[in-house]
């Protein structure tokens with residue numbers, strides 16, 4: 279018998295703030311977290327795009343060396359948001375280490391900063407240096423480094439899932455975590471994703487002509503999802519974690535239930551690894567509705583993937599219209615902070631939860647003139663005071679992976 | 002070659018500054034008293050190589066895995082230096 283899965287804590291480090299009050303203020307005031315691209319001393323000068331969704335505030339981590347010695351920058355974000363959700367959850371130490379709590383968490387490709395240091399060692403003349411590749415560089419940079427640094431820091435002994443699927447990394451992490459709890463494999467899961475400052479990712483999208491380049495002098499004016507003058511995505515950084523728990527036990531222990539995951543859709547386009555696919559995306563949105571056993575008309579708000587690429591936004595608009603028509607509110611939250619890659623699904627879920635709790639929906643930033651090919655949707659153009667009960671969080675990745683998470687506000 | 006006192010000062014400084022040891026004693030058990038693990042051992046060997054100015058062989062590094070105290074570290078480094086000097 280499938281079990282209900284609720285969200286009992288969440289935390290996000292984002293370019294528009296860390297924690298609920300910071301982030302909500304940014305959403306309400308239309309504050310962008312896109313800044314000039316920081317110089318990395320390697321690639322920056324060669325890139326056309328000079329903007330980045332930047333975490334430019336200090337975070338007081340306070341982690342001991344016994345933990346940081348295996349952590350690259352990406353794991354600092356991951357462990358911080360995991361620490362936040364465990365502290366907020368009120369879960370006992372006994373349960374945390376019982377084997378009934380698992381971790382579903384990852385990043386796009388581990389820690390590129392550490393990987394870059396390794397390559398630097400290989401490709402430079404380092405005859406006078408000893409042991410120039412650190413003994414723990416692999417532990418700091420491997421694909422599942424975030425997940426296992428979380429288990430290590432908190433002594434978690436349950437399952438580990440590390441789904442590194444580019445832009446669907448954290449939405450898959452949350453979806454797979456939801457399935458673990460729903461089908462009784464675990465009683466709770468810490469789920470999410472993180473990605474650190476990295477110009478390699480910017481270079482990849484830059485070479486594919488998919489990065490924003492027209493707003494290098496006015497970073498806050500890009501990205502521009504659904505706008506006629508959009509010119510591509512902006513890469514960003516951050517971390518996000520949610521705690522999923524089985525409903526009955528969460529209720530019994532008096533947990534603060536902030537939402538319920540009611541459905542998850544996930545599939546692959548089965549073909550091109552880059553181009554968005556209308557059929558694949560449409561199917562994913564329908565799979566999520568089927569899993570949740572609700573109708574399209576029940577969904578009030580859609581957090582669109584909306585990276586602000588020329589074709590991606592058009593295909594997504596068509597898919598949304600195919601499934602929902604023009605009724606639900608639609609916002610592209612990446613307009614506030616760029617595309618935080620492996621983190622984006624987690625961040626967009628948490629922002630959606632904040633807005634559902636506070637009774638408003640933030641508009642898509644920089645949406646001045648809606649592209650006529652996207653105009654059939656109910657775009658949010660200004661802060662809208664409304665209490666959405668059910669939200670869909672959509673994410674699509676290179677490799678043709680599509681996800682859709684459906685969450686419900688269960689508060690009275 | 003460094004005297005044992007000079008070596009002790011340097012090793013203790015590294016353990017305090019980079020491995021966050023608090024009030025290390027020469028006969029403390031590195032693992033039990035300071036949480037020093039196999040990852041730390043590999044990292045410390047890299048520091049020792051920098052300190053003594055030559056690279057240790059695989060076999061020499063494996064010998065370090067039986068180290069339990071700071072005194073053991075000092076003995077080990079002095080042995081490696083002596084081996085090097087004696088060719």
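Chains as they are written, first to last, in the working numbering: chain F, 279 to 690; chain H, 2 to 88.
For glycine and all other residues, C-beta sits at the position ideal for the given N, C-alpha and C.
A check of alpha carbon separations from residue 442 of chain F across F:674, F:683, F:492, F:486 identifies F:674 as the nearest. Of H:37, H:43, H:26, H:55, the smallest CA-CA separation from residue 2 of chain H is found for H:55. According to DSSP, residue 668 of chain F shares a beta bridge with F:686.
In terms of Cβ geometry, residue 600 of chain F and residue 560 of chain F form a close pair [threshold 8 Å]. The bridge partners DSSP lists for residue 522 of chain F are F:285, F:467. Residue 355 of chain F is not a Cβ neighbour of residue 466 of chain F, given a cutoff of 8 Å. When DSSP states are grouped into helix, strand and coil, residue 587 of chain F belongs to the coil group. Residue burial is scored here from C-beta neighbours: residue 27 of chain H has fewer than 16 other C-beta atoms within 10 angstroms and is therefore classed as exposed.
Listed along chain F, the residues sitting closer than 8 Å to residue 44 of chain H by beta-carbon distance are 347, 412, 413, 414. Residue 491 of chain F is positioned such that its CB atom lies no closer than 8 Å to that of residue 613 of chain F. With respect to the C-alpha of residue 498 of chain F, the residue from F:329, F:668, F:688, F:317 having the closest C-alpha is F:329.
Residues of chain F with a Cβ closer than 7 Å to the Cβ of residue 71 of chain H do not exist; the shortest Cβ-Cβ separation is about 17 Å. Here residue 384 of chain F is bridged, per DSSP, to F:471. Non-local beta-carbon contacts of residue 16 of chain H in its own chain, meaning distances under 6 Å to residues more than five positions away in sequence, involve 22, 25 in chain order. The closest CA to that of residue 64 of chain H, considering only H:12, H:43, H:51, is found on H:43. Only residues of its own chain outside the window of five on either side were considered, and among them 322, 325, 327, 328, 329, 330, 477, 480 have a CB closer than 8 Å to the CB of residue 315 of chain F, listed in chain order. For residue 608 of chain F, the enclosing beta strand (DSSP E) begins and ends at 607-609. As the crow flies, the alpha-carbon of residue 297 of chain F is around 28 Å from that of residue 420 of chain F. Contact annotation: residue 527 of chain F and residue 670 of chain F have beta-carbon atoms that are not nearer than 8 Å. Residue contact with chain F for residue 40 of chain H: present (Cβ-Cβ distance below 8 Å to some residue of chain F).
For residue 14 of chain H, no Cβ of chain F is located within less than 8 Å of the residue's own Cβ. By a beta-carbon distance limit of 8 Å, residue 374 of chain F contacts residue 432 of chain F. Their separation comes to about 6 Å.
Within the stretch 321-355 of chain F, the residues whose Cβ lies closer than 8 Å to some Cβ of chain H are 342, 343, 344, 347, 348, listed in chain order.
Under DSSP, residue 516 of chain F takes part in a beta bridge, and its partners are F:473. Between residue 357 of chain F and residue 676 of chain F, the C-beta spacing is not below 8 Å. With contact defined as three or more Cβ pairs closer than 8 Å, the stretch 302-315 of chain F and the stretch 524-540 of chain F are not in contact. Each of F:564, F:552, F:689 was checked against the Cα of residue 587 of chain F, and the nearest Cα belongs to F:552.
Taking a C-beta distance under 8 Å as the contact criterion, residue 585 of chain F and residue 680 of chain F do not qualify as a contact pair. Among the CB atoms of chain F, one or more fall inside 8 Å of the CB of residue 47 of chain H. For residue 513 of chain F, the closest C-alpha among the options F:484, F:280, F:522, F:608 is that of F:484. Taking the beta carbon of residue 36 of chain H as reference, the chain F residues within 8 Å of it are 344, listed in sequence order.
For a cut-off of 8 Å, the C-beta gap from residue 353 of chain F to residue 427 of chain F is around 4 Å, short enough to register as a contact. Taking C-beta atoms under 8 Å as the contact rule, residue 624 of chain F and residue 436 of chain F fail to qualify, at a distance of about 19 Å. No residue range can be given for residue 87 of chain H, since it is assigned to no alpha helix (DSSP H) and is classified by DSSP as neither H nor E.
DSSP places residue 313 of chain F in the uninterrupted beta strand (DSSP E) bounded by 312-314. When 8 Å is used as the limit between beta carbons, residue 21 of chain H is near these residues of chain F: 342, 343, 344, in chain order.
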